[in-house]
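Novice: Quick note, in the working numbering, the first sequence goes up one by one and the last residue is 835.
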Amino acid sequence: MPEKVHTHFGDEEESAPKQNLQAVPEPTEPQDAGRKKKRAKKRKRDESNDEPQPKPRDQELPQTVKTLSTKTAQKEEPIVDIQREVPAESEVADAPQPQLANNATKSRPKTKSKPLTDTKTNFTSLREKATKLYELRKKLPIFGHADEIRKNLRDQDVMLLVGETGSGKSTQIPQFLVNEFWCRPTPAKIPQKDGSSKSINVGGCIAITQPRRVAAISLARRVAEEMGTPLGSSSPASKVGYSVRFDTSTSPSTRVKFLTEGMLLQEMLHDPWLTKYSAVVVDEVHERGINVDLVTGFLRNLVSGKREGRGGIPLKVVVMSATADMESLLGFFQEGFKAQPQIQNGETNGATGSKDSVRDISVCHIKGRQFPVKTIYSPEPVHDFVDAALKIIFQIHYKEPMPGDILVFLTGQETVEALENLVNEYAVGMDPSLPRVQVLPLFAALPQAAQQRVFAPAPPRTRKVILSTNIAETSVTVAGVRYVVDCGKAKIKQFRTRLGLDSLLVKPISKSAAIQRKGRAGREAPGQCYRLYTEQDYLTLDETNTPEILRCDLSQALLNMKARGVDDIVRFPFLTRPPREALEKALLQLLNIDALGDDGSISDVGLHIAKLPLTPTLGRVLLAASEHGKECLTDVIDIISCLSVENIFLNTSSEEKKEAAEAARRELYRREGDHLTMLMTVRAYAGENADRKAWAERHLVSHRAMQSVMDVRKQLRTQCRQSKLLPRDDRQDQYHDPAPVPILQSFLCGFATNTARLVPDGSYRTVVGNQTVAIHPSSVLFGKKVEAIMYNEFVFTNRSYARGVSAVQMDWVGEALAGQ
DNA sequence: GAGCACTGC
C-alpha cells in the first residue's frame, strides 16, 4: 500500500488496521493520475477562496490521535426525512406507527393528505391511537416540564426555550398550551381609524412556525394523531392544521396551526395584530433564516407595545432554539420591554399575575435525547478532504463492526461525485470476506428517485456510505448512521452589496454546524464523528452560522416591512442589524423599481408587489408586463415561474443521453435567450397532456422543478385574476406567437441594472459598474456575441457569471435606465 | 464549460 493510505484517525487504544488498509487496492496508475488531475483542477476552485487554506500535510500522518471527551451533540431538531414523514423528535424506537408510513404523502397539493381514516372520520379509532401515543409522549424529556411551562406562560408573555434534539418541544409545546385559559377566543373592541370600534374575537389559536414546508406538514400530522383529531381540512372538527405555500389545510375549528415562517409573514400583511392567535411559537430560531428575523422583530413590537389592535389582549410568544445562545434573544426581548412604558393594570385583559412579573421573560432548558458521540480530530491540517475522507471511510469500514452506516459531509455535487467514484474504485478490490459498501450520493439537485435510495435499507452484509452536501445537516435525516465524517466546510451564498453580486464560496462551517453534523451519528446508538480538521481549527470556527439577513439582498425584506407599516427601517428591532450600506442599497433598489416614493414611503406599485410571492424585481416585471396586454403577461408569468424555481434544466454525466436530450431540447431553444427558451419549455410542458414525466425525461428537464413551475404559474395567474390584471374567464391557452420585444422590455423594467454590453475585446462589461461578466455555460447564449445582454442573476463561483441571459438592444437598456 | 441549503396570499 502506498504511504498515502496510512492516515489513521483511530483511537489510541486500538491498533491501526494497517494490514487491512493495505489490502485496499490502489487503482491503476494512469487512470488514477488522469482522474486526480481533473479532480485537482476542479477542486482548485472550491479551495481558491479568501479563506486561508491549511498547508499541505506530509504524506504520512503521525498515528497519534486526539480524542475529545465524549460530549453529546447539542443541536438540531425537527428533522424530517425526504420521504416527508414523521419528525424525528417524536420518534420512539418501539413506537407502533403503522399509519404514519402509509400516510406518507408528498407536500404537493395534488396528493393532499388523506384523512387518517376512511371517508367518515372514525373518532373512536383516532382516540384509541392517541391514547397509545400518549404513553410514548410521557417518555419525552419535555413532558415533565409541562406544568412549569404552563405556569411560565400564565405569568409571562414571552418564554424562551432551549430544547435539544429529541426533547419533543415542537410537538408537545402546542399541546401543553392549547387548553390554557388564555388560549380561548376573547371578545374585544378594536378601535378603528374613524374613531369607532369594532367587536371581534381575539385569539383561540396557536401558531407554530417552521423554516421548512415538510417540517410544518409532518409535525401537524403527528400532533393531530397525538391529539386524536383529524388533520386539517379533512374534517370540520379538526383541531390541528397547517399552512404552507400551495398547500393549506385548516378547518374552522383549527386550534393548533403549523406554518412556515414565510406564511406567517404573509398572514401578518393582512392581519398585523395576529388577531386569530393567542400564541405564536417560533421554532428553530437558531437556523436564522431572514424570515425568522423579521418574525421576531414584528413579534417583539407586538408583545412590547400596547396591543391596541388586539383590544389589549396579550399575545404569548415562545421562541425555541436548539442552541444555548439564548442570551442575545433574551436581551432582544428585554430591550423591547424596556423601551415601552409599563403596562397599566386593566390593560392586560386576560393576564393575571403581578404587574412587574408580566414583563419578565422566562427561560427554559430541556435536555435532549441523544446518544454520546465521540469526536476524533485530524491530528494535522488536511489539504485534500476528498482523499482524507476516502481513507477514513475505509478505516471505519475495516475496523468498526456492523451495523453502522457512514455519513460524509462534503461541499457540493462535485466533491460528492468525485468521492463516489473513488470509493467505488477502492471497493472493487476489497477483501471479499468483508461486508460490502454501498455508496449513495445525496444532494438537492439529485432526482427524487435517486434521493430516495438513501432511505432504502442496505442489502445484507452491506454498509451504506452516504456522501452528502449540507442537505443532511438540517433537511434530511437518514436512519442507521453511526459514523459521521465532516470535512468542516460548506458552500455558502453571500450577497455582496457593493457589487450587487451573489457569491457561492466554500467556507469553513460554524461550531454549531459542526455540532449539528456530529449529532447525526448519535440518533440511534453511540457514534463517532471524524472531523477532517484539527481541534485547533475547530476552536477558531465561528460560534454560529452567519444569519441570512447579513448574507442576502434585503430588498424583499424591506418591502415587506414597508408594507407592514414600518416606516423607519433603521429603528426596526433587528435580531441582528444589517449594515447600513446593505439597507441603503435595498432601499435604492426599491426606489429604482418605483416600489417606494421619493419620501421612502411605500407606493401603490410597492404594495402590489409586496403581495406577490416574488422578489421585488420579478414582481415589478410582472406589473410591467401587464401593461403590454394579457398575452405578454401570461408569457411573462411563465418565465417568472421558471426563474423563481430551481434550475429546470438537468444535466447528465452520460454523453449519449446528453446528445439525445440536446436534440430534443433544440426545438425549445430560442435565439433571443434563456427567457424565451423558458417560455417555450413551459408551453411545451403544459401542452403535453399525455405523459409530462416522460416528456421531461426526454428533454432532460427536471420534472420536479416543472411541477413547482406549474404551481407558481397557477398561483400567479390566480393572483393576477384577483387583482384584475387578467380577465376572469379562464379559457384554455390559445397559444399565440410570443412577442419577444415587449417580454424583454418588461424584464428590463426590473433588471435594467442587470445588463452588460459587448466590448471590443469580446467580453461583456456591466452597463452599471463596468465589471467583466461572462455568460454562464448553462445559458443558451453561452459563447454567443450580442450587442447587449440582460441577466437574472449575477453570481460569482470561480468567476463572475451572468445566469438567465437574454439578448437585448442597448437603446432599450438606455430607456429602462432613464425610466428609473 | 457549470449547478450549497431553505422559503412565499
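Backbone N, C-alpha and C fix where the C-beta goes; we use that ideal spot for every residue, glycine too.
Classify Arg-535 as buried or exposed, calling it buried when 16 or more other Cβ atoms lie within 10 Å of its own Cβ.
Specialist: Along the first sequence, one-based indexing puts residue 535 at 520. Under this definition Arg-535 is a buried residue.
Novice: Suppose you measure from the CA of Lys-144 to the CA of Pro-189; what does that come to, to the nearest Å?
Specialist: In the first sequence, counting from the first residue as 1, residue 144 sits at position 129. In the first sequence, counting from the first residue as 1, residue 189 sits at position 174. One C-alpha to the other measures close to 19 angstroms.
Novice: Would Ala-528 pass as a contact of Glu-488 if the rule is Cβ separation under 8 angstroms?
Specialist: If you number the first sequence from 1, residue 528 lands on position 513. If you number the first sequence from 1, residue 488 lands on position 473. Yes, the Cβ-Cβ distance between Ala-528 and Glu-488 is below 8 angstroms.
Novice: Considering only residues of the region 239–292, which uninterrupted alpha helix (DSSP H) runs meet the minimum length of 4 residues and lie entirely inside it, listed in chain order?
Specialist: Segments of the alpha helix (DSSP H) lying fully in the region 239–292: 276–285.
Novice: Judging by CA-CA distance, which residue of Ile-205, Ser-249, Ser-258 and Met-725 is the nearest neighbour of Leu-234?
Specialist: The count along the first sequence starts at 1 and reaches residue 234 at position 219. For Leu-234, the nearest C-alpha among the options comes from Ser-258.
Novice: Alpha carbon to alpha carbon, how far is Arg-686 from Arg-532? Give it in angstroms, no decimals.
Specialist: In the first sequence, residue 532 corresponds to position 517, counting from 1. In the first sequence, residue 686 corresponds to position 671, counting from 1. C-alpha separation (whole angstroms): 45 angstroms.
Novice: Helix, strand or coil: how does DSSP classify Gly-688 here?
Specialist: Within the first sequence, the letter at position 673 stands for residue 688. The answer is strand: DSSP assigns Gly-688 an E or B state.
Novice: Give every residue of the same chain whose Cβ lies closer than 6 angstroms to the Cβ of Lys-577, excluding the five residues on either side of it in the sequence, and list them in chain order.
Specialist: One-based indexing of the first sequence puts residue 577 at position 562. These residues qualify, in order along the chain: Ile-617.
Novice: Taking the DSSP output, what are the residues bridged to Phe-809?
Specialist: Locating residue 809 in the first sequence gives position 794, counting from the first residue. Phe-809 pairs with Ala-817.
Novice: Considering only the alpha carbon of each residue, which of Thr-186, Ile-215 and Phe-458 lies closest to Arg-236?
Specialist: Taking the first residue of the first sequence as position 1, residue 236 is located at position 221. Selected option, being the one with the closest Cα: Thr-186.
Novice: Would the beta-carbon of Ile-164 fall within 8 angstroms of that of Ser-182?
Specialist: By one-based count along the first sequence, residue 164 stands at place 149. By one-based count along the first sequence, residue 182 stands at place 167. No, the Cβ-Cβ distance between Ile-164 and Ser-182 is not below 8 angstroms.
Novice: Short of 8 angstroms in beta carbon distance, which residues of its chain neighbour Pro-124, apart from the five on each side in sequence? Order them along the chain.
Specialist: Here residue 124 is taken as the residue at index 109 of the first sequence, counted from 1. Note that Pro-124 scores a pLDDT of 42, beneath 50, so its modelled location is shaky; the value from the coordinates is reported in the next line. Around Pro-124: Phe-261, Asp-262 and Asp-726.
Novice: So if DSSP puts Gln-453 in a beta bridge, which residue, or which two residues, is it bridged to?
Specialist: Taking the first residue of the first sequence as 1, we reach residue 453 at position 438. According to DSSP, which records beta bridges pairwise, Gln-453 is partnered with Lys-479.
Novice: Roughly how many whole angstroms lie between the Cα atoms of Gly-644 and Ser-343?
Specialist: Locating residue 644 in the first sequence gives position 629, where the first residue counts as 1. Locating residue 343 in the first sequence gives position 328, where the first residue counts as 1. Between Gly-644 and Ser-343, the C-alpha separation is close to 51 angstroms.
Novice: Helix, strand or coil for Ile-408? Go by DSSP, reduced to three states.
Specialist: In the first sequence, counting from the first residue as 1, residue 408 sits at position 393. Of the three classes helix, strand and coil, the one that applies to Ile-408 here is helix, per DSSP.
Novice: Any heavy atom of the ligand ADP closer than 7 angstroms to the CB of Gly-829?
Specialist: Among the components of this structure there are no ligands whatsoever, and the ligand ADP is therefore not found.
Novice: If you reduce the DSSP assignment to three classes, tell me which class Gln-509 lands in.
Specialist: One-based indexing of the first sequence puts residue 509 at position 494. Note: Gln-509 maps to strand in three-state DSSP.
Novice: Measure the beta-carbon distance from Ile-624 to Leu-638 and round it to whole angstroms, keeping in mind my assumption that it falls under 8 angstroms.
Specialist: As a position in the first sequence, residue 624 is number 609, starting the count at 1. As a position in the first sequence, residue 638 is number 623, starting the count at 1. Yes, they are in contact, since the Cβ atoms of Ile-624 and Leu-638 sit about 7 angstroms apart, within 8 angstroms.
Novice: So, do the region 801–818 and the region 511–518 have three or more beta carbon pairs nearer to each other than 8 angstroms?
Specialist: The region 801–818 is in contact with the region 511–518.
Novice: Just how far apart, CA to CA, sit Gly-777 and His-791?
Specialist: Locating residue 777 in the first sequence gives position 762, counting from the first residue. Locating residue 791 in the first sequence gives position 776, counting from the first residue. So the alpha carbons of these two residues sit roughly 15 angstroms apart.
Novice: Taking Val-697 as the reference, give the member of Tyr-816, Lys-729, Gly-621 and Leu-280 with the closest Cα.
Specialist: Working through the first sequence from its first residue, we reach residue 697 at position 682. For the residues Tyr-816, Lys-729, Gly-621 and Leu-280, the minimum Cα distance to Val-697 belongs to Lys-729.
Novice: What three-state label does DSSP hand Ile-381 in the structure shown?
Specialist: Along the first sequence, read from residue 1 onward, the residue named residue 381 stands at position 366. Strand, per DSSP.
Novice: Assuming Phe-664 contacts Val-716 (C-beta within less than 8 angstroms), just tell me the rounded distance between them.
Specialist: Along the first sequence, read from residue 1 onward, the residue named residue 664 stands at position 649. Along the first sequence, read from residue 1 onward, the residue named residue 716 stands at position 701. Yes, Phe-664 and Val-716 are in contact; Cβ-Cβ is about 6 angstroms, under 8 angstroms.
Novice: Considering Asn-216, what are the terminal residues of the beta strand (DSSP E) in which it resides?
Specialist: Here residue 216 refers to the residue found at position 201 of the first sequence. From DSSP, the beta strand (DSSP E) with Asn-216 extends over 212–217.
Novice: With a CB to CB cut of under 7 angstroms and the five nearest residues on each side skipped, what residues in its chain are close to Leu-740?
Specialist: Numbered from its first residue, the first sequence carries residue 740 at position 725. Around Leu-740: Ser-641 and Leu-648.
Novice: Comparing C-alpha positions only, which one of Ile-328, Phe-797, Asp-501 and Val-310 sits nearest to Ala-403?
Specialist: As a position in the first sequence, residue 403 is number 388, starting the count at 1. Ranking the options by Cα distance to Ala-403, first place goes to Asp-501.
Novice: Looking at the strands, I want to know which residues DSSP matches up with Cys-220.
Specialist: What you label residue 220 is simply residue 205 of the first sequence in a count that begins at 1. Answer is Tyr-292.
Novice: Taking the continuous alpha helix (DSSP H) assigned at Lys-673, which residues delimit it?
Specialist: Within the first sequence, numbered from 1, the residue matching residue 673 stands at position 658. Lys-673 -> alpha helix (DSSP H) spans 670–681.
Novice: By the three-class DSSP mapping on this structure, what secondary structure does Tyr-548 have?
Specialist: Along the first sequence, read from residue 1 onward, the residue named residue 548 stands at position 533. Residue state, collapsed to three classes: coil.
Novice: Check the DSSP bridge columns for Arg-592 and list the partner residues they point to.
Specialist: Reading the first sequence from its first residue, position 577 is the one you call residue 592. Answer is none; Arg-592 lacks a bridge partner.
Novice: Please state whether DSSP places Tyr-553 in a helix, a strand or coil.
Specialist: Numbered from its first residue, the first sequence carries residue 553 at position 538. In the structure shown, Tyr-553 sits in a helix (DSSP, three-state: H, G or I).
Novice: Starting from Ile-421, follow the beta strand (DSSP E) in both directions and report where the run begins and ends.
Specialist: As a working mapping, residue 421 is identified with position 406 in the first sequence. Per DSSP, Ile-421 belongs to the beta strand (DSSP E) from 420–424.
Novice: Indicate whether the contact test is met: 3 or more Cβ pairs, each with one atom in the region 463–483 and one in the region 415–423, closer than 8 angstroms.
Specialist: Touching, yes, given that three or more Cβ pairs across the two stretches are closer than 8 angstroms.
Novice: Do the CB positions of Thr-549 and Glu-395 come within less than 8 angstroms of each other?
Specialist: Position 534 of the first sequence, counting from 1, holds the residue named residue 549. Position 380 of the first sequence, counting from 1, holds the residue named residue 395. Contact flag set, yes.
Novice: On the three-state DSSP scale, how would you describe Val-774?
Specialist: Here residue 774 refers to the residue found at position 759 when the first sequence is read from its first residue. If DSSP states are grouped into helix, strand and coil, Val-774 belongs with coil.
Novice: According to DSSP, is Ala-536 part of a helix, a strand, or is it coil?
Specialist: As a first step, residue 536 is located in the first sequence; it is residue number 521 there, counting from the start. Ala-536 falls in the coil class under three-state DSSP.
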